[in-house]
Amino acid sequence: MSTTEGKPPSPDAAAVEEMARVATAWCGMHGLVVGDRADPRSGTVPGVGLVHAPISLLPSRLPESFWEQACDLAPVFNELVDRVSLDGEFLQDSLSKTRQVDDFTSRLLDIHRKMMNTNKDENIRLGLHRSDYMLDSETNSLLQIELNTISVSFPGLCSLVTELHRTLINQYGNLLCLDAKKVPGNEASRQFAEALARACDEFNVDSAVVMMIVQPEERNMYDQYWLVKYLKESYPFMICFDTFLNYEGYEFLFLKFLISKRCSDSFCLLALLQFSVQDLLRSSYAKITIKKILILRRCYQMKTLSEVEAEGQVLPDGTLVVDGKKVAVVYFRAGYTPNDYPSEAEWSARLLMEQSSAVKCPSISYHLVGSKKIQQELAKPNVLERFLENKEEIAKLRQCFAGLWSLDDEEIVKSAIENPDLFVLKPQREGGGNNIYGLDVREALIRLQKEGGDALSAYILMQRIFPKESLANLVRGGVCHEALTVSELGIYGAYLRNKDKVIMNDKCGYLMRTKVSSSDEGGVAAGFAVLDSLYLTDK
Numbered sequence: 001m002s003t004t005e006g007k008p009p010s011p012d013a014a015a016v017e018e019m020a021r022v023a024t025a026w027c028g029m030h031g032l033v034v035g036d037r038a039d040p041r042s043g044t045v046p047g048v049g050l051v052h053a054p055i056s057l058l059p060s061r062l063p064e065s066f067w068e069q070a071c072d073l074a075p076v077f078n079e080l081v082d083r084v085s086l087d088g089e090f091l092q093d094s095l096s097k098t099r100q101v102d103d104f105t106s107r108l109l110d111i112h113r114k115m116m117n118t119n120k121d122e123n124i125r126l127g128l129h130r131s132d133y134m135l136d137s138e139t140n141s142l143l144q145i146e147l148n149t150i151s152v153s154f155p156g157l158c159s160l161v162t163e164l165h166r167t168l169i170n171q172y173g174n175l176l177c178l179d180a181k182k183v184p185g186n187e188a189s190r191q192f193a194e195a196l197a198r199a200c201d202e203f204n205v206d207s208a209v210v211m212m213i214v215q216p217e218e219r220n221m222y223d224q225y226w227l228v229k230y231l232k233e234s235y236p237f238m239i240c241f242d243t244f245l246n247y248e249g250y251e252f253l254f255l256k257f258l259i260s261k262r263c264s265d266s267f268c269l270l271a272l273l274q275f276s277v278q279d280l281l282r283s284s285y286a287k288i289t290i291k292k293i294l295i296l297r298r299c300y301q302m303k304t305l306s307e308v309e310a311e312g313q314v315l316p317d318g319t320l321v322v323d324g325k326k327v328a329v330v331y332f333r334a335g336y337t338p339n340d341y342p343s344e345a346e347w348s349a350r351l352l353m354e355q356s357s358a359v360k361c362p363s364i365s366y367h368l369v370g371s372k373k374i375q376q377e378l379a380k381p382n383v384l385e386r387f388l389e390n391k392e393e394i395a396k397l398r399q400c401f402a403g404l405w406s407l408d409d410e411e412i413v414k415s416a417i418e419n420p421d422l423f424v425l426k427p428q429r430e431g432g433g434n435n436i437y438g439l440d441v442r443e444a445l446i447r448l449q450k451e452g453g454d455a456l457s458a459y460i461l462m463q464r465i466f467p468k469e470s471l472a473n474l475v476r477g478g479v480c481h482e483a484l485t486v487s488e489l490g491i492y493g494a495y496l497r498n499k500d501k502v503i504m505n506d507k508c509g510y511l512m513r514t515k516v517s518s519s520d521e522g523g524v525a526a527g528f529a530v531l532d533s534l535y536l537t538d539k
């Protein structure tokens with residue numbers, strides 16, 4: 001995603017090595033870390049086997065016009081996900097063939113159908129999304145790779161990469177000839193934490209917690225802990241208190257309050273509340289007193305799907321209780337891959353949570369909207385108009401759509417077999433390492449044709465995007481090396497709605513990933529790419 005326009009000369013090898021040492025030290029001091037694959041305990045025991053996250057030494061360049069385009073699309077995609085999720089029959093029909101050959105999709109659709117049949121209201125709807133793009137060098141256009149609606153990763157660490165790059169530019173400014181102000185700010189982790197906290201407020205149940213669903217082994221746990229940190233710092237207290245009115249010797253319960261404040265000092269907060277109540281009713285013959293003050297610290301818990309199945313229950317009123325704690329929000333950082341469901345216990349847990357009144361992030365319907373097949377269906381003519389009314393917004397979405405085709409299209413399949421380098425074959429899977437490229441596309445399509453039946457329905461074909469290559473210094477495991485690279489930009493978004501009231505619909509920072517140009521896949525956690533940030537240019 002880099003351009004060479006106005007690019008300053010590269011620093012010499014000695015300067016690069018010095019910057020790499022400074023960068024890796026900074027990572028260790030500021031929590032830009034992941035678990036070390038070489039240490040078997042690094043994915044289960046916090047603080048054991050830490051290494052710096054793989055990073056690009058300096059930010060990648062992107063024309064500011066494309067950055068603004070991607071940011072403008074975030075609220076539109078947020079709303080689109082919500083609208084599509086409400087059309088259960090569209091989701092079921094669009095994925096009907098896929099379910100015949102993909103057991104994972106079938107099980108998700110089973111849960112979704114059960115929720116449709118019970119007609120359970122989901123008044124509070126929370127989505128934390130990420131839309132990924134590449135800048136296609138052949139058309140000079142920003143094209144969408146995919147829309148992620150479950151377990152979008154790295155909001156915590158990517159915010160730190162931005163800080164790191166600004167620090168390096170400020171420290172080596174004379175050598176680099178770069179301006180730190182051209183690296184856009186990145187508050188993804190803070191904004192995600194705010195969305196989770198505000199969903200908690202909308203749920204409005206005393207002492208209810210945010211429950212994060214995690215994998216049993218997670219080397220990327222520190223990205224998750226950054227969200228927990230900001231959640232606790234931003235909304236550390238809820239104050240519950242009863243207000244009594246004393247008039248002529250009689251005392252009446254006047255008001256009950258539950259207030260959430262951004263304040264780390266409980267004494268300061270209580271004083272603020274007392275003044276607020278006294279200002280509410282000032283009277284020469286009435287006296288207001290506050291009694292039964294209860295300070296509730298914001299709580300969270302991390303649970304695996306199997307732990308939820310073992311420790312969870314849904315009360316008759318719909319409340320989800322896990323390990324004795326009422327759950328306000330279920331935030332999934334697992335559950336997006338078949339590997340997360342090794343037994344029926346995990347599927348039972350997913351259904352249990354879906355049947356509860358807790359806010360799901362995502363709900364089963366939001367999860368299904370992020371599938372590759374739905375992405376392909378939305379790219380068909382006249383489908384967006386089914387969900388959106390604003391013609392200008394529809395045009396913006398279509399402008400970023402790459403070519404997407406069902407394998408029911410015999411002409412496209414034939415074209416892909418003849419020119420496999422122009423296409424990507426995508427299964428209904430999240431996470432890195434699943435897509436098929438190059439000559440493997442031809443072999444896979446021929447094999448699927450021979451299998452017959454609905455085998456082709458497990459995949460979609462996508463136009464292959466060819467981003468411009470650029471030289472970059474990548475740092476992994478303390479070793480810095482220069483390589484030809486390409487980059488992928490992800491824009492985070494948060495959407496929160498309670499009944500008809502939209503509380504949040506915002507762009508929430510970004511994720512930049514850079515990989516060697518010879519690598520087809522781009523996942524950081526899967527080991528294909530490094531974390532990066534942006535340097536905005538005029539063109």
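Just so it is clear: in the sequence shown, position 8 is 8 by full-length UniProt numbering, and no numbers are missing.
Ideal Cβ placement from N, Cα and C applies to all residues, glycine included.
Check your understanding: Between the beta-carbon of leucine 178 and the beta-carbon of phenylalanine 66, is there less than 7 Å?
Key -> For the purposes of this step, residue 178 is taken as the residue at position 178 of the sequence shown. For the purposes of this step, residue 66 is taken as the residue at position 66 of the sequence shown. Taking 7 Å as the Cβ cut-off, leucine 178 and phenylalanine 66 do not qualify as a contacting pair.
Check your understanding: Which residues in the same chain as valine 205 place their Cβ atom closer than 7 Å to its Cβ, once the five residues preceding and following it in sequence are excluded?
Key -> Counting from one through the sequence shown, the residue named residue 205 turns up at place 205. Same-chain partners within the cutoff: Lys326, Ala328.
Check your understanding: For glycine 478, is the classification buried or exposed, using 16 other Cβ atoms within 10 angstroms of its Cβ as the cut-off for buried?
Key -> Along the sequence shown, one-based indexing puts residue 478 at 478. Per the 10 Å Cβ criterion, exposed.
Point to revise | the segment 368-383 / the segment 88-97 touching (three or more Cβ pairs under 8 Å) | key: Yes, the segment 368-383 touches the segment 88-97.
**Study point:** One or two residues paired with alanine 494 in a DSSP bridge
**Key:** As a working note, residue 494 is residue 494 in the sequence shown. Paired residues: Leu128, Asp506.
Point to revise | In chain order, each beta strand (DSSP E) run of at least 3 residues that lies wholly inside the segment 32-109 | key: Those beta strand (DSSP E) runs which fall completely within the segment 32-109 and span 3+ residues are 33-35, 50-52, 60-63.
Check your understanding: Going along the chain, which unbroken runs of the alpha helix (DSSP H) with 4 or more residues stay wholly within the segment 168-201?
Key -> Taking 4 residues as the shortest admissible run, the segment 168-201 contains the following complete alpha helix (DSSP H) segments, listed from N- to C-terminal end: 173-176.
Review point. Considering only C-alpha positions, which residue in the set Asn186, Asp532, Ala358, Ile491 is nearest to asparagine 498?
Key: Position 498 of the sequence shown holds residue 498. That would be Ala358, whose Cα lies nearest to the Cα of asparagine 498.
Review point. What do you reckon, are the CB atoms on glycine 318 and serine 356 nearer than 7 Å?
Key: Within the sequence shown, the letter at position 318 stands for residue 318. Within the sequence shown, the letter at position 356 stands for residue 356. Between glycine 318 and serine 356, the gap from beta carbon to beta carbon is short of 7 Å.
Exercise for review: Work out the CA separation of valine 314 and leucine 320 for me, nearest whole Å.
Suggested key: Along the sequence shown, read from residue 1 onward, the residue named residue 320 stands at position 320. Along the sequence shown, read from residue 1 onward, the residue named residue 314 stands at position 314. Each residue's Cα considered, the two are about 5 Å apart.
Review point. In its own chain, which residues sit with a C-beta less than 8 Å from the C-beta of phenylalanine 77, not counting the 5 before and 5 after it?
Key: Your numbering for residue 77 matches position 77 in the sequence shown. Excluding positions up to five away in sequence, the list reads His129, Ser131, Leu147, Leu397, Gly493.
Check your understanding: For the beta strand (DSSP E) that contains lysine 325, what are its first and last residues?
Key -> For the purposes of this step, residue 325 is taken as residue 325 along the sequence shown, with counting starting at 1. Looking at the DSSP string, the run of the beta strand (DSSP E) that includes lysine 325 is 325-332.
Check your understanding: Quick one: what does DSSP say glutamine 463 is sitting in, helix, strand or coil?
Key -> Counting from one through the sequence shown, the residue named residue 463 turns up at place 463. It is a strand residue.
Point to revise | Stretch-stretch touch, CB-based, cutoff 8 Å, three pairs: the segment 148-162 with the segment 406-425 | key: The segment 148-162 makes no contact with the segment 406-425, as fewer than three CB pairs between them are under 8 Å.
Practice item. Would you check if the distance between the CB atom of valine 530 and the CB atom of isoleucine 55 is smaller than 7 Å? Key: For this step, residue 530 is matched to residue 530 along the sequence shown. For this step, residue 55 is matched to residue 55 along the sequence shown. With contacts defined as CB atoms closer than 7 Å, valine 530 and isoleucine 55 qualify as a contacting pair.
Exercise for review: Put lysine 396 into one of helix, strand or coil per three-state DSSP.
Suggested key: Translated into positions along the sequence shown, residue 396 becomes position 396. It is helical.
**Study point:** Three-state secondary structure (DSSP) of glutamate 389
**Key:** Counting from one through the sequence shown, the residue named residue 389 turns up at place 389. Note: glutamate 389 maps to coil in three-state DSSP.
Point to revise | At least three beta-carbon pairs within less than 8 Å, the segment 298-305 to the segment 212-225 | key: As far as the Cβ criterion goes, the segment 298-305 touches the segment 212-225, which means the pair count is three or higher.
Review point. So is the beta-carbon of lysine 181 under 6 Å away from any non-hydrogen atom of the ligand HEM?
Key: In terms of ligand content, the structure shown is empty, and the ligand HEM therefore cannot be addressed.
Practice item. May I have the straight-line CA-CA distance separating lysine 501 from serine 517, to the nearest angstrom? Key: Position 501 of the sequence shown holds residue 501. Position 517 of the sequence shown holds residue 517. The alpha-carbon atoms of lysine 501 and serine 517 are separated by roughly 45 Å.
Practice item. Tell me, to the nearest whole angstrom, how far the beta carbon of arginine 166 is from that of phenylalanine 387; I am working on the premise that it is less than 8 Å. Key: Position 166 of the sequence shown, counting from 1, holds the residue named residue 166. Position 387 of the sequence shown, counting from 1, holds the residue named residue 387. The Cβ separation is near 39 Å, so there is no contact.
Check your understanding: So what's glutamine 428 in DSSP terms, helix, strand or just coil?
Key -> Within the sequence shown, numbered from 1, the residue matching residue 428 stands at position 428. Correct three-state label for glutamine 428: coil.
Exercise for review: Please name the residue, chosen from Met134, Leu126, Val45, that lies closest to aspartate 201 on a Cα-to-Cα basis.
Suggested key: Taking the first residue of the sequence shown as 1, we reach residue 201 at position 201. Per the Cα distances, Leu126.
**Study point:** Pair within 7 Å by beta-carbon distance, cysteine 480 and alanine 199
**Key:** Residue mapping note: residue 480 aligns to position 480 of the sequence shown, counting from 1. Residue mapping note: residue 199 aligns to position 199 of the sequence shown, counting from 1. Cβ atoms of cysteine 480 and alanine 199: not closer than 7 Å.
Review point. What separation, rounded to the nearest whole angstrom, lies between the Cα atoms of proline 46 and valine 210?
Key: The residue labelled residue 46 in the question sits at position 46 within the sequence shown. The residue labelled residue 210 in the question sits at position 210 within the sequence shown. Between proline 46 and valine 210, the alpha-carbon positions lie close to 20 Å from each other.
Review point. Isoleucine 446 lies in the alpha helix (DSSP H); which residues open and close that run?
Key: Taking the first residue of the sequence shown as 1, we reach residue 446 at position 446. Where isoleucine 446 is concerned, the enclosing alpha helix (DSSP H) stretches over 439-451.
Review point. Glutamate 163: which of Arg61, Asp532, Ser363, Val424 sits nearest, CA to CA?
Key: For the purposes of this step, residue 163 is taken as the residue at position 163 of the sequence shown. Nearest option by C-alpha distance: Asp532.
Practice item. Please name the residue, chosen from Ala180, Trp226, Asn220, Leu175, that lies closest to glutamate 194 on a Cα-to-Cα basis. Key: By one-based count along the sequence shown, residue 194 stands at place 194. When only C-alpha atoms are compared, the closest one is Trp226.
Check your understanding: Along the chain, where does the beta strand (DSSP E) that runs through valine 299 open and close?
Key -> Taking the sequence shown and counting its residues from 1, one reaches residue 299 at position 299. Looking at the sequence itself, residue 299 is cysteine, so the reference to valine does not match. If you look at cysteine 299, you'll find it isn't in any beta strand (DSSP E); DSSP assigns it neither H nor E.
**Study point:** Buried or exposed by the 16-neighbour rule on C-beta atoms within 10 Å, applied to isoleucine 150
**Key:** Mapped onto the sequence shown, residue 150 falls at position 150. Counting the other CB atoms within 10 Å of its CB gives isoleucine 150 a total of 16 or more, which places it among the buried residues.
Practice item. Give a yes or no on whether the C-beta atoms belonging to serine 406 and valine 101 are separated by under 7 Å. Key: To locate residue 406, count along the sequence shown from 1; it is residue 406. To locate residue 101, count along the sequence shown from 1; it is residue 101. Valine 101 is positioned such that its CB atom lies no closer than 7 Å to that of serine 406.
Review point. Would you call the segment 112-122 and the segment 359-367 touching, i.e. three or more CB-CB distances under 8 Å?
Key: Pairwise C-beta distances place the segment 112-122 in contact with the segment 359-367, as three or more of them are shorter than 8 Å.
Exercise for review: Excluding the 5 residues preceding and the 5 following alanine 349 in the sequence, name in chain order all residues of the same chain whose CB lies nearer than 6 Å to its CB.
Suggested key: Sequence index remark: in the sequence shown, residue 349 carries index 349 (1-based). Around alanine 349: Leu305, Val308, Glu309.
Check your understanding: Which value, in whole angstroms, describes the spacing of the CA atoms of valine 383 and arginine 61?
Key -> Here residue 383 corresponds to residue number 383 of the sequence shown, with the count starting at 1. Here residue 61 corresponds to residue number 61 of the sequence shown, with the count starting at 1. Between valine 383 and arginine 61, the C-alpha separation is close to 34 Å.
Check your understanding: Do you know whose CA, among Asn390, Ile446, Gln399, Thr337, lies nearest glutamate 410's CA?
Key -> In the sequence shown, counting from the first residue as 1, residue 410 sits at position 410. The candidate whose alpha carbon is nearest that of glutamate 410 is Ile446.
**Study point:** Option nearest arginine 476 by Cα separation, candidates Arg333, Glu218, Val34, Leu73
**Key:** Looking up residue 476 in the sequence shown gives position 476. The closest CA to that of arginine 476, considering only Arg333, Glu218, Val34, Leu73, is found on Val34.
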